[in-house]
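Sequence positions in the sequence shown follow our numbering and run 380 to 777.
Report on the structure given below.
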Amino acid sequence: MNTVILKSGKEHSVLRRHPWIFTGAVGKVEGDPANGETVRILDSKKNSLGLGTWSGVSSIAVRIWSFDPDETIDAAFFQRKIAAAYELRKTIFNRALPEAFRLVYAESDGLPGVIADLYRDYAVVQLSTAGADHFRDEIAGALLPYAPGGIYERSDVDGRKREGLEPVKGLLRGGPLPEKIDFTENGLRFQCDAVSGHKTGFYLDQRINRAVVSSEMTAGAEVLNCFCYTGGFGLAALQGGAGKVINVDSSEPALEQARLHAGLNGFSGDRFQTVCADVFQYLRRCRDAARSFDVIILDPPKFADTISQREKAARGYKDLNLLALKLLKPGGKLFTFSCSGAMDDELFAKVIASAAQDAQADFRVVRKLMQGPDHAVSANFPEGHYLKGICGILAGRG
Ligand code: SAH
Numbered sequence: 380m381n382t383v384i385l386k387s388g389k390e391h392s393v394l395r396r397h398p399w400i401f402t403g404a405v406g407k408v409e410g411d412p413a414n415g416e417t418v419r420i421l422d423s424k425k426n427s428l429g430l431g432t433w434s435g436v437s438s439i440a441v442r443i444w445s446f447d448p449d450e451t452i453d454a455a456f457f458q459r460k461i462a463a464a465y466e467l468r469k470t471i472f473n474r475a476l477p478e479a480f481r482l483v484y485a486e487s488d489g490l491p492g493v494i495a496d497l498y499r500d501y502a503v504v505q506l507s508t509a510g511a512d513h514f515r516d517e518i519a520g521a522l523l524p525y526a527p528g529g530i531y532e533r534s535d536v537d538g539r540k541r542e543g544l545e546p547v548k549g550l551l552r553g554g555p556l557p558e559k560i561d562f563t564e565n566g567l568r569f570q571c572d573a574v575s576g577h578k579t580g581f582y583l584d585q586r587i588n589r590a591v592v593s594s595e596m597t598a599g600a601e602v603l604n605c606f607c608y609t610g611g612f613g614l615a616a617l618q619g620g621a622g623k624v625i626n627v628d629s630s631e632p633a634l635e636q637a638r639l640h641a642g643l644n645g646f647s648g649d650r651f652q653t654v655c656a657d658v659f660q661y662l663r664r665c666r667d668a669a670r671s672f673d674v675i676i677l678d679p680p681k682f683a684d685t686i687s688q689r690e691k692a693a694r695g696y697k698d699l700n701l702l703a704l705k706l707l708k709p710g711g712k713l714f715t716f717s718c719s720g721a722m723d724d725e726l727f728a729k730v731i732a733s734a735a736q737d738a739q740a741d742f743r744v745v746r747k748l749m750q751g752p753d754h755a756v757s758a759n760f761p762e763g764h765y766l767k768g769i770c771g772i773l774a775g776r777g
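As C-alpha cells, this is what we get:
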C-alpha cells in the first residue's frame, strides 16, 4: 500500500484523533497514490498511525478513515461505520427517530466527506472528497438497508472543486424517487425536493431551532422570516400561534415551495405571506416605511467559506442584525443564525453585541442555539460545529 510519512512533530494532531493531515505535515510519500486511494500513515519514526485517503489536489493531503492501522477500508468497513451512525441516532433520539434526519455527518461519524440525510425511506447523499468519491459503491451499498426506497446523490457541492472532482448528481441506488418526498417535522408537513432543493433538499440542521421558535412564539405575533427558503421557520411560528408571517427570500422556486408547504399545513395566504426580495433591501424598505415586527428570524446563507473571509462576513452579519434590531418592537424577539464555520461562537456573539450597540438596543440573550443533535460534533473535530444561533429579546432602547 502507498504510504505517507509525516514530518517530525506533525503526528500530534493525529494522535489527538483529528482526521485531517495538511500538505505541510507530509514529509514523504512512498508510492504514487491516486486521488482517493487509501494510504498508510506513518510518523517520522515509522510508527503506524492509521489509514486515510490521499488527495494530491486539496490542501488537506490525507483524511483519516481509521486510527487503527490493522483496519481494512472496504465494504464491511462502511457497513460498520454507517450501522454505528444509525445506532447513535437511535440513542440521540431516544429510539424515536424522526421521519427526516441526518444519518451520517462526515468527519464527526468517522467518514470524512460523506453526508447522508434520510427522508423516510430515501437517502440523499453528498460525497465531497476524493476518498468518499472513490468508495461511492461501498457507501451506497452500506446505506441501502436504511434507505430501501432509494438513494439519490447530490454531490454538486463546492467542496468537490477543491478536491479536483466534478459535480455528480443522480440516482445512485433503488428508486425511482418520488418527485418530492413527503415527511413531517415537529408535527408539520414538508416536502423534500432531492433533485433541485438546496443541500440535500431541506435544512435538517434547523429542526430543533424551529421547535424553539414555535415554543417561544407570542400569540398573535407579527413575524418577519428572513432567508425563509421553503418556509420552515415561518410555519413553526404559525404553529406556535403567530398571527402572521412575512417570509422573504430571493429565490422564487423556494417561495413557491414555501407556499405549497403553507397549504399542506392548512395555513392561508393571509397568515403566510411571501416576498421575493433581497433581504438587505427589504429590511431597508421596512426601515424607511417605519415598519416594525414582534419577531424577526434571520437565517442567512454562509457569508464566509474560509477564515480569510471572516472580517467581511462579520460586517455582513453586523449590517443584517443592525437593520433587524431597528425593526424590532420593544419586547420583541430576534432569532439570528450564522452557518459560517469560519465565524466562531465568540465572534458571532461579538457581532450581535456590536449591532445591538449601534441600534441602541438593550438586547438580552436568552438562549444560544446550534445545529440539531443528529449533526452531533465529534469532540476531536470542532470544525464540525458550524451553525450558531442566538435568541434574544429587545428589552428596551437607548
Ligand atoms: N431558514 C431556511 C434556510 C435558509 S437558507 C430554512 O429553515 O429552511 C438561506 C436562504 O437564503 C436560501 O433560501 C437563499 O435563497 C436565500 N438567500 C440568499 N441570499 C439572499 C438575499 N440576499 N436575500 C434574500 N434571500 C437570500
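C-beta atoms are modelled at their ideal positions from N, C-alpha and C, and glycine is treated no differently.
At a threshold of 7 Å, does residue i count as lining the ligand SAH (C-beta to nearest heavy atom)?
i      : result
Val624 : no
Cys665 : no
Val654 : no
Val627 : yes
Gln585 : yes
Val602 : no
His754 : no
Tyr501 : no
His577 : yes
Pro798 : No answer is possible for residue 798: the residues shown for the chain start at 380 and end at 777.
Cys770 : no
Asp528 : It should be pointed out that residue 528 corresponds to Gly in this sequence rather than to Asp. No, the beta carbon of Gly528 sits no closer than 7 Å to any heavy atom of the ligand SAH.
Asp657 : yes
Thr417 : no
Ser630 : yes
Thr609 : yes
Tyr582 : yes
Ala633 : yes
Phe606 : yes
Phe714 : no
In the structure shown, what three-state DSSP assignment does residue i receive?
i      : result
Lys767 : strand
Asn473 : coil
Leu556 : coil
Asp512 : helix
Arg650 : coil
Val574 : coil
Phe727 : helix
Gly775 : strand
Ile439 : strand
Lys623 : strand
Tyr501 : strand
Arg468 : helix
Asp320 : Look at the range of the chain in this structure, 380 to 777, and you will see that residue 320 is not part of it.
Ala598 : coil
Leu490 : coil
Grab the span of the alpha helix (DSSP H) containing residue i for me, first residue to last.
i      : result
Cys665 : 658-667
Ser593 : 586-594
Ala521 : 515-522
Arg638 : 631-643
Arg670 : Taken as a continuous stretch (DSSP letters only), Arg670 belongs to no alpha helix (DSSP H), as it is neither H nor E.
Arg540 : Here the sequence assigns Lys to residue 540, which means Arg is not the residue at that position. Note, Lys540: alpha helix (DSSP H), 538-541.
Gly613 : 611-618
Just confirm the distance between the C-beta atoms of residue i and residue j, as a whole number of angstroms; I'd bet it's less than 8 Å.
i      : j      : result
Gly763 : Tyr484 : 7 Å
Ala792 : Ala454 : Because the chain spans 380 through 777 in this model, residue 792 falls outside it and cannot be assessed.
Ile400 : Val441 : 4 Å
Lys623 : Val674 : Not a contact, Cβ separation roughly 11 Å.
Leu766 : Met749 : 6 Å
Glu564 : Pro477 : 7 Å
Cys718 : Lys681 : 5 Å
Could you pull the start and end residues of the beta strand (DSSP E) that residue i belongs to?
i      : result
Arg694 : Premise fails: Arg694 lies in the alpha helix (DSSP H), 689-706, not in any beta strand (DSSP E).
Ala479 : 479-484
Ala404 : Run containing Ala404: none; DSSP gives neither H nor E here.
* Asked: Okay, do the region 460-480 and the region 738-753 touch, 3+ Cβ pairs below 8 Å being the bar?
  -> Counting Cβ pairs under 8 Å, three or more are found: they touch.
* Is the region 639-649 in contact with the region 661-668, if contact means three or more CB pairs nearer than 8 Å? -> Under the 8 Å Cβ criterion, the region 639-649 does not count as touching the region 661-668, having fewer than three qualifying pairs.
* **Inter-stretch contact (C-beta, 8 Å, three-pair minimum) for the region 687-694 and the region 608-617** => Flag = no, the region 687-694 and the region 608-617 do not touch.
* To do: Indicate whether the contact test is met: 3 or more Cβ pairs, each with one atom in the region 547-555 and one in the region 523-536, closer than 8 Å.
  => Between the region 547-555 and the region 523-536 there are three or more C-beta pairs closer than 8 Å, enough to call the two in contact.
* Should the region 626-633 be regarded as contacting the region 592-599, the criterion being three or more beta carbon pairs within less than 8 Å? -> Touching, no.
* To do: Tell me, please, whether the region 573-583 touches the region 503-517 by the rule of three or more beta-carbon pairs shorter than 8 Å.
  => Touching, yes.
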